[in-house]
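Residue numbers (my numbering): 20 to 216.
For reference, the structure is listed below as structure tokens.
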Amino acid sequence: MAENDDENESQLQLISIDDSSNASYIAIPTSESPQLVMALPVQHIETNDVHFTPRITYKTAGGKPLLQWWRRRTSLEQFFILLTFLMAATIIILLILFLSLNDDITNLKKKNFSNTNSNKIIYEDIEKRVCLTKGCIQAANNLLMAMNLSADPCDNFFEYACGQWNRDHMIPDDMFAYGTFASIRENVRQQMRVFKF
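Okay, structure coming up:
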């Protein structure tokens, strides 16, 4: 108990110390240990203003504040900050591209196609993009021949797209699966047998 009273006396003495500039010190116990006391200078301000409140202003030691802020960051923090800005820029660029492409698509939908000249231009453009070679026409014919147009695609799309092909090409007994590639392979084998000498 006597030891505790001595500590309190030293704290009280610390509060009442004054130096030549009329500044006194206040004793504040630290959070780590209530026995340790931190001494802070207190400046007495004489004012007649009733609403006066003292303020604490932090000033930098000079230089640009942003540069000082950046230098205080660890290299890992700097990396993640740069990565965040890079990702944000990428997202913004992708969003701008998406919106511009979306506008182009909606502008195509809004075009008036009633004018015969514009229809002619559109059909000419489509003809330039459509493959009309012999192989493309045969592939389109094979796709149309494989479709079952009597089936409803909303109910059974597989039957709509491949129903006729499944009826025309039964799975052979020696195979566990049969598809278009197997059918083509079998046709090539038969053609090679015919052309053997």
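Backbone N, C-alpha and C define an ideal beta-carbon position, used for all residues, glycine too.
Small disclaimer: the values here were computed from a predicted structure and weren't measured.
Straight-line gap, residue i to residue j (C-alpha atoms, nearest Å)
{"i": "Leu101", "j": "Asn121", "result": "30 Å"}
{"i": "Gln87", "j": "Ile110", "result": "29 Å"}
{"i": "Tyr44", "j": "Leu105", "result": "With a pLDDT of 48 at Tyr44, under the threshold of 50, the modelled position of this residue cannot be trusted, and the question is left open."}
{"i": "Arg90", "j": "Thr103", "result": "18 Å"}
{"i": "Met211", "j": "Arg204", "result": "11 Å"}
{"i": "Leu162", "j": "Cys150", "result": "15 Å"}
{"i": "Ile190", "j": "Ile156", "result": "26 Å"}
{"i": "Glu178", "j": "Ala108", "result": "47 Å"}
{"i": "Cys173", "j": "Arg186", "result": "20 Å"}
{"i": "Val207", "j": "Lys147", "result": "33 Å"}
{"i": "Ser202", "j": "His188", "result": "8 Å"}
{"i": "Gln97", "j": "Leu114", "result": "26 Å"}
{"i": "Val213", "j": "Phe176", "result": "38 Å"}
{"i": "Thr152", "j": "Phe200", "result": "21 Å"}
{"i": "Phe99", "j": "Met194", "result": "57 Å"}
{"i": "Asp192", "j": "Ile112", "result": "57 Å"}
{"i": "Asn160", "j": "Gly154", "result": "10 Å"}
{"i": "Ala180", "j": "Gln209", "result": "27 Å"}
8 Å CB neighbourhood of residue i in its chain, flanking five on each side removed
{"i": "Leu118", "result": "none"}
{"i": "Asp25", "result": "With a pLDDT of only 47 at Asp25, under the threshold of 50, the placement of this residue in the model should not be trusted, and no figure is reported."}
{"i": "Ala196", "result": "Ile190"}
{"i": "Leu95", "result": "none"}
{"i": "Arg92", "result": "Ile100"}
For residue i, three-class secondary structure by DSSP
{"i": "Asn121", "result": "helix"}
{"i": "Ser202", "result": "helix"}
{"i": "Val149", "result": "coil"}
{"i": "Ala108", "result": "helix"}
{"i": "Thr93", "result": "coil"}
{"i": "Asn160", "result": "helix"}
{"i": "Phe99", "result": "helix"}
{"i": "Asp187", "result": "helix"}
{"i": "Cys155", "result": "helix"}
{"i": "Pro84", "result": "helix"}
{"i": "Tyr179", "result": "helix"}
{"i": "Met166", "result": "coil"}
{"i": "Met194", "result": "coil"}
{"i": "Ala42", "result": "With a pLDDT of only 49 at Ala42, under 50, the local geometry of the prediction cannot be trusted, and the value read off the model is given with reservation. Of the three classes helix, strand and coil, the one that applies to Ala42 here is coil, per DSSP."}
Residues of its chain near residue i, where Cβ-Cβ distance is below 6 Å and the 5 sequence neighbours each way are ignored
{"i": "Gly182", "result": "Asn167 and Ala170"}
{"i": "Gly198", "result": "none"}
Supposed close pair residue i, residue j - CB separation, criterion 8 Å
{"i": "Ala165", "j": "Trp184", "result": "4 Å"}
Cut-off 7 Å between Cβ atoms - residues of its own chain near residue i, not counting five sequence neighbours on either side
{"i": "Leu116", "result": "none"}
{"i": "Lys83", "result": "none"}
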